[in-house]
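Enquirer:
Protein chains in written order, with the working numbering: chain A, 1 to 350; chain B, 1001 to 1476.
(1) Whose Cβ in chain A lies nearer than 8 Å to the Cβ of residue 1003(B)?
(2) Please give me, in chain order, every unbroken run of the beta strand (DSSP E) with length at least 3 that falls completely inside the segment 1103-1163 of chain B.
(3) Is residue 1093(B) helix, strand or coil by DSSP?
(4) Of all the CB atoms in chain A, is at least one closer than 8 Å to the CB of residue 1429(B)?
(5) Quick check on residue 1359(B): does DSSP put it in helix, strand or coil?
(6) Comparing C-alpha positions only, which one of 1059(B), 1082(B) and 1078(B) sits nearest to residue 1071(B)?
(7) Taking the runs of the beta strand (DSSP E) that are 3 residues or longer, which of them lie wholly in the segment 246-314 of chain A?
(8) Please report the distance separating the alpha-carbon of residue 176(A) from that of residue 1432(B).
(9) Kindly list the residues whose CB is nearer than 7 Å to the CB of residue 162(A), restricted to its own chain and excluding five residues on each side of it in sequence; keep chain order.
(10) Per the DSSP calculation, residue 1072(B) is bridged to which residue(s)?
(11) Alpha carbon to alpha carbon, what distance is there between residue 1280(B) and residue 1358(B)?
(12) Need the endpoints of the alpha helix (DSSP H) that residue 160(A) sits in, please.
(13) Listing by chain order, which chain B residues have their CB less than 9 Å from the CB of residue 296(A)?
(14) Is the shortest distance between the beta-carbon of residue 184(A) and the beta-carbons of chain B less than 8 Å?
(15) Taking only the alpha-carbon atoms, compute the straight-line gap between residue 1360(B) and residue 1162(B) and give it to the nearest angstrom.
(16) For residue 1040(B), count neighbouring Cβ atoms within 10 angstroms of its own Cβ and tell me buried if that reaches 16, exposed if not.
(17) Taking Cβ positions only, does residue 1476(B) come closer than 8 Å to chain A?
(18) I need the boundaries of the alpha helix (DSSP H) containing residue 71(A), first residue and last residue.
(19) Could you compute how far the alpha carbon of residue 12(A) sits from the alpha carbon of residue 5(A)?
(20) Within the same chain, show all residues whose beta-carbon is closer than 8 Å to that of residue 1233(B), passing over the 5 residues directly before and after it, in chain order.
(21) Flag this pair as touching only if the segment 1116-1127 of chain B and the segment 1264-1279 of chain B have three or more C-beta atom pairs under 8 Å; answer yes or no.
(22) State the DSSP-derived secondary structure class of residue 219(A), mapped to helix, strand or coil.
(23) Please decide whether residue 1134(B) counts as near chain A, where near means a Cβ-Cβ distance under 8 Å.
(24) Run the CB neighbour count on residue 250(A), radius 10 Å, all protein chains shown included, and call it buried at 16 or more, exposed below.
(25) With 7 Å as the C-beta to C-beta threshold (strictly closer), list the residues of the segment 1373-1389 of chain B near chain A in chain order.
(26) Please state whether the Cβ-Cβ distance between residue 1152(B) and residue 1096(B) is less than 8 Å.
(27) According to DSSP, which residues form a beta bridge with residue 101(A)?
(28) Return the residues of the segment 1388-1406 of chain B that lie within a Cβ-Cβ distance of less than 7 Å from chain A, sorted by chain order.
(29) Report the residues of the segment 180-204 of chain A with a CB closer than 9 Å to any CB of chain B, ordered along the chain.
(30) I'd like to check one pair, residue 1256(B) with residue 971(B): are the Cβ atoms closer than 8 Å?
(31) Kindly indicate if chain B contains any beta-carbon less than 8 Å away from that of residue 53(A).
(32) Taking buried to mean at least 16 other C-beta atoms within 10 Å of its own C-beta, is residue 345(A) buried or exposed?
(33) On the three-state DSSP scale, how would you describe residue 144(A)?
(34) Please report the residue range of the alpha helix (DSSP H) in which residue 1345(B) lies.
(35) Flag this pair as yes or no: are the beta carbons of residue 104(A) and residue 1456(B) separated by less than 8 Å?
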């Protein structure tokens, strides 16, 4: 498989360490030039893979270009659209053949349930011979050729039908109905939440951009951002909910900042209605070495924000205070930072 | 917190009054409240006098020395009367009684009754606070400002025999004294009568609260557009919506519900009750249910349902004419809501059609509303599910591992993929099925094109494994 290199840490580990143990190799390319996918492909390539908006570097993929390259050599494009959700992006409309989501994130919306979903565009021709799993007989189903023998009405959905009856059935990672139900509740407010996430994130990004102690900010919705034009095309110009930045004082200052926050929750998650903060290089992407981190767009000082739907004034007040604390080298321990936070009257919300 | 609003109201009343006492209440009330006040409380010796709350002086005129509280709704169900809380609170305090306010139809987002002088606030959490029509619960909030020990409330100034002679309004320590009402409510009515809220419901309401501001803004903006649409429709005889400039409640709602109008619209079509009935049955997006405050739009005919235990005179006093249709406007795309009303009104005006549709079938399962493609927000609320045999509006949670076969032939056929059906929840589950269809439709794919898995990493496993040429020979 050929995959973009800007990936969620867990995906990267799966692609780099686990799949090769089963004989499936993944070649990582710089997805900002779709031609790189084709250069890395050969006759054993079965799919291209990318994220609509990558975690955490916020690279927006040119889905149409990558899909075109994939189809030109007869392979499907699989797209992880977690960071955009169906509200901001419909990858199928841009040529994706398979869309995956972590329902845990913005679709669920409240950080309460864990789940995933796969959606089949129903347009890929699986029987062309490029995918032996679909053109050769399946011994566990009486010799059925998934890409050839299904009745006409079912044929377009060969991929998702096979996924349910072969990997899901036999490997068992099914979604619990309680979690399904939670995700249905979340979906009911998805449009409202995404609008608020994005408008809040833009305000946060602008605030950070103008702050003297902030060295750099990335947010696709900022006009100065390298992803600004692509995000206009692919995520309705809304910018998304994620903001990444680095403060003066590097990783140390970033750590103090995170520990000084009293509204942003320091957790390993994104896509909650509540604002979240983390230091990716030492957590979500810590299984990579420095070189791999750099390839994923994760410099050592990066702080990642998943901006929630709180009142924006409160979000910015928390960052203001936390940045101020981060710039005071005299603070020795997290306890001192928290004590300072309480003394400041910043509501601990507990 | 209590099991439901009706128990919240009941506990609030019996926390101030006992046999021989009375309450003075506005007459524009939810039907269940009215029945509680008019039938049940009197059988326990507590009388309720109903007054026209649009003149706060009426509360005083009806009060006497046994009056223990005044009561009203911020925005009444269904007549959308907006109470002048400050004026009513002032009257109540002038004679030393508290004002209890049911703020369900406004929620804390639009109105803070305590800031306007209310002493006790009650809510049905079932409605907009919960937000999704899934759980039932109520809550009581104590303003902490009423002086319970003055002697006007014997329940607070006389010794409580069940607590060693404690006088609730007099003997509590200084830090607890302001909350005498809510402390007594938890330890006397709640503890002994038992309508406690389930923690599962409490948890769901917490999820709902996270989006309350966003939802109320959208409910109100949608409701205003619906009201304006109805106002200009030739077949609509009358419309009431506090957010319409021409509405009698327009000025009061500017003061008390931030001028947002609220989420409820009531109206009557030409052809009276008959036409109203046909309209309701012709809706395919508005769900015909007895509820309000769901993210999904709802419709009902109050005179024959929610307020049916009243006679015609009582209904009129509650602002419920026989032809009234009540809308709880949801968060769907406004174009879809208006399209549904348009076709339903048209059907209602087709005289002598006499045709009752086979089902009040909600058609959004095929992605259409009134024959047109449904918008994103509508699909997010309705995709993949229409009421099943139980008629449940909310999606049921099927906590089952296996499913029962109709026969051995049926079982064999299912395993051979000869027909589609539920065998085992690892493969298919009806709750997950709704989610799969909804997300697939939101992605613009075929409704059967979705597959739910246990985590976001799992889809990658499934996807890449189906593409592997090399078979996995070791067990996972």
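Just so it is clear, CB atoms sit at the ideal spot from N, CA and C, and this is done for glycine as well.
Expert: Quick look at the numbers:
(1) Those within 8 Å of residue 1003(B) in chain A number zero; the least Cβ separation is about 21 Å.
(2) 1120-1124 and 1138-1142
(3) helix
(4) yes
(5) Residue confidence for residue 1359(B) is low, a pLDDT of 43 falling below 50, so the modelled location carries little weight; the figure read from the coordinates is stated next. Reduced to three states, the DSSP call for residue 1359(B) is coil.
(6) 1059(B)
(7) 276-278 and 303-306
(8) 8 Å
(9) 146
(10) 1101(B)
(11) The predicted model places residue 1358(B) with a pLDDT of 46, which falls under 50 and marks its position as unreliable, so this point remains unresolved.
(12) 158-163
(13) Near residue 296(A) there are no residues of chain B at all, since even the closest Cβ is about 16 Å away, more than 9 Å.
(14) yes
(15) Unreliable positioning characterises residue 1360(B) in this predicted model, as indicated by a pLDDT of 43, which lies under 50. A coordinate reading is not provided.
(16) exposed
(17) For residue 1476(B), the predicted model reports a pLDDT of 25, less than 50, meaning its position is unreliable and no value from the coordinates is stated.
(18) 63-72
(19) 8 Å
(20) 1345
(21) no
(22) coil
(23) yes
(24) exposed
(25) 1376, 1377, 1380 and 1381
(26) yes
(27) 117(A)
(28) 1395, 1397, 1398 and 1399
(29) 180, 181, 182, 183, 184, 185, 186, 187, 188, 189, 190, 191, 192, 193, 195 and 196
(30) Given a span of 1001 to 1476 for chain B in the structure shown, any question on residue 971(B) remains unanswerable.
(31) no
(32) Low per-residue confidence applies at residue 345(A): pLDDT is 43, beneath 50, and the placement is therefore not dependable, though the value from the model is reported in the following sentence. Classification for residue 345(A): exposed.
(33) strand
(34) 1334-1348
(35) yes
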